[in-house]
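So the sequence shown is numbered by this note's numbering: it starts at 1 and just counts up by one. Beta carbons are placed, not taken as given, at the ideal position from N, Cα and C, and that holds for glycine. The block underneath contains the structure these notes are about, expressed in C-alpha cells.
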Amino acid sequence: MADITASMVKELRDRTGLGMMDCKKALGEAGGDIEVAIDNMRKSGQAKAAKKAGNIAADGAIVIAQAEGRALLVEINSQTDFVAKDENFTVFANKVAEIALANNTADVAAIAALPYGDGQTIEEARVSLVQKIGENIQIRRAALVEGATLATYRHGLKIGVVVAYTGGDVETGKGIAMHVAAFNPMAINAEDVPADVLAREKEIFAAKARESGKPEAIVEKMITGSLDKYLNEVTLTRQAYVIDNEKKVGDVLKAVGQTVNTIVRLEVGEGIEKKVDNFAEEVAAATAAASAAAAG
C-alpha cells in the first residue's frame, strides 16, 4: 500500500473541501493517487468538481507585446507581488516581450539567448536583475498568437488574454477577450473539448446517475443532461456572456458575424505551488531550540 503523507492529504483537502479523515481514507483506497481519489469521491457524491490542480501562489506578471497580426504573452515570475510592481522588473518584463515578439519565438530557452542590449543576453540581464533586486526572477513561459485580427486584455498584472478572430467588430473582440479572462473557458466550441476529458466526466456522471436506482433510459437522460451542463460551463460559445449574462457568447458572436479562431489565457502562477510553512512544526522547532539552549 502506498504511503499517504500529510502533504497529500492536505492537497486533496484543499482541492475537494472535505475533511481530513475522508481525504486520508480516499487516498488509501486510491493507492495514493490523488486524481483517482478525486474521481472516486465525485462518483460517490462526496466531492463536487475538484479545484484546478496546483495552487496559484507564485507572483509576477503577464506581459503582452503586439505587432501587426501577432501578439506574444510572457509570464515572468518573482517571489513577491512587491517586486512584480517594481519599475526595474516592469522594464525588464516589457522588453523581454518585445524582443521575443520581434524574433517571433515563444520558446523560453531561445528567448533567454536573445540579445537584450548593452552586450547582454536576456538571460544575463535576468541574472543582473536578480542581483539588483534580491529576488529570484524567472521567465516561465510564453505564447505566440497569430491572426488577421487580434484582441488583447490584461487584468492587472495577473491575467493576460489574446483572442484571434475574423469578422465582427473591435468592440466585440475586446469584450470576448475580457470574457475569457473572467471565465477561463477550456475550449471555444463543445467539439473542441478533448475526448479524454469528456470520457472522464461522463464516467463520473454515469456513476452518480446509476446510484439513483432509476431505469436505464432515465439514467441515460441524466448523463446527457449533466454532460450538457458541463459543456455550458467550460466552452466559450456556450457560456453566458460576461457583459450581458442574458446572452450566450455564441449568440453575441453570431449577431455581429464574428468567429473566434484562437484563445490564449495565461495567469500568473498557474500550477506553481509556493512553499507553505507548517506553523505547528515551526513552533515545535522553536520550543525545542529554546529548551536546548536553556539546558545548555
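Coarse secondary structure for residue i, derived from DSSP in three states
i: threonine 16; result: helix
i: glycine 117; result: strand
i: glycine 54; result: At glycine 54, the pLDDT of 38 sits below 50, so the modelled position is not reliable; the number obtained from the coordinates is stated separately. In this structure, glycine 54 counts as coil in the three-state DSSP scheme.
i: glycine 175; result: helix
i: asparagine 245; result: coil
i: glycine 167; result: strand
i: valine 268; result: coil
i: lysine 214; result: coil
i: isoleucine 204; result: helix
i: leucine 227; result: helix
i: alanine 30; result: coil
i: isoleucine 38; result: helix
i: threonine 105; result: coil
i: alanine 142; result: strand
i: isoleucine 99; result: helix
i: lysine 10; result: helix
i: threonine 235; result: strand
i: alanine 2; result: coil
i: aspartate 192; result: helix
i: aspartate 307; result: Because the chain here runs from 1 to 296, residue 307 falls outside it and cannot be looked at.
Own chain partners of residue i with C-beta closer than 7 Å, once the 5 adjacent residues on each side are dropped
i: lysine 229; result: none
i: alanine 261; result: Note that residue 261 is asparagine in the sequence shown, not alanine. Excluding residues within five positions, the ones whose Cβ falls inside 7 Å are Gly147, Ala164, Tyr165, Thr166.
i: alanine 2; result: Gly31, Gly32
i: lysine 132; result: Asn88
i: isoleucine 56; result: Its pLDDT being 36, under 50, isoleucine 56 is placed unreliably in this model, and the value from its coordinates should be taken loosely. Result list for isoleucine 56: Glu267, Gly269, Glu270, in chain order.
Beta bridge counterpart(s) of residue i as assigned by DSSP
i: glycine 60; result: Asn77
i: glycine 134; result: Bridge partners of glycine 134: none, in fact.
i: valine 150; result: Checking the displayed sequence, the identity of residue 150 turns out to be leucine instead of valine. DSSP output for leucine 150 lists Ala164 as bridge partner(s).
i: arginine 126; result: Answer is none; arginine 126 lacks a bridge partner.
i: leucine 72; result: Ala65, Leu144
i: threonine 262; result: Ala164
i: alanine 187; result: Thr235
i: alanine 240; result: Lys248
i: isoleucine 159; result: His155, Glu267
Sequence-distant residues of its chain with Cβ nearer than 6 Å to residue i (five each side left out)
i: glycine 160; result: Ile62, Ile64, Leu73, Arg154, Leu266
i: arginine 140; result: Glu75, Asn77
i: alanine 181; result: Tyr153, His155, Ile159, Val161
i: arginine 42; result: Ile204
i: aspartate 81; result: Asp59
i: alanine 53; result: Any reading at alanine 53 is ruled out, since the residue's pLDDT is 38, under 50, leaving its predicted position unreliable.
Proximal residues to residue i (C-beta, below 8 Å), its chain only, five neighbours per side dropped
i: lysine 248; result: Thr237, Arg238, Gln239, Ala240, Tyr241
i: leucine 12; result: Leu18, Cys23, Ala26, Leu27, Ile34, Ala37, Ile38
i: glycine 119; result: none
Chain B within 8 Å of residue i, Cβ atoms only
i: isoleucine 34; result: Annotation note: the requested chain B is absent from the structure, which comprises a single protein chain.
task: Spell out a yes or no on whether the region 189–206 and the region 168–176 are touching, meaning 3 or more CB-CB pairs, one atom from each, closer than 8 Å.
output: no
field: Segment contact, 8 Å Cβ cut-off, at least three pairs: the region 100–109 with the region 176–186
entry: no
message: Using a Cβ distance threshold of 8 Å, determine whether the region 123–133 contacts the region 217–232, with at least three qualifying pairs required.
response: no
- prompt: Okay, do the region 227–244 and the region 183–193 touch, 3+ Cβ pairs below 8 Å being the bar?
  reply: With a cut-off of 8 Å on Cβ pairs, the region 227–244 is in contact with the region 183–193, counting three or more such pairs.
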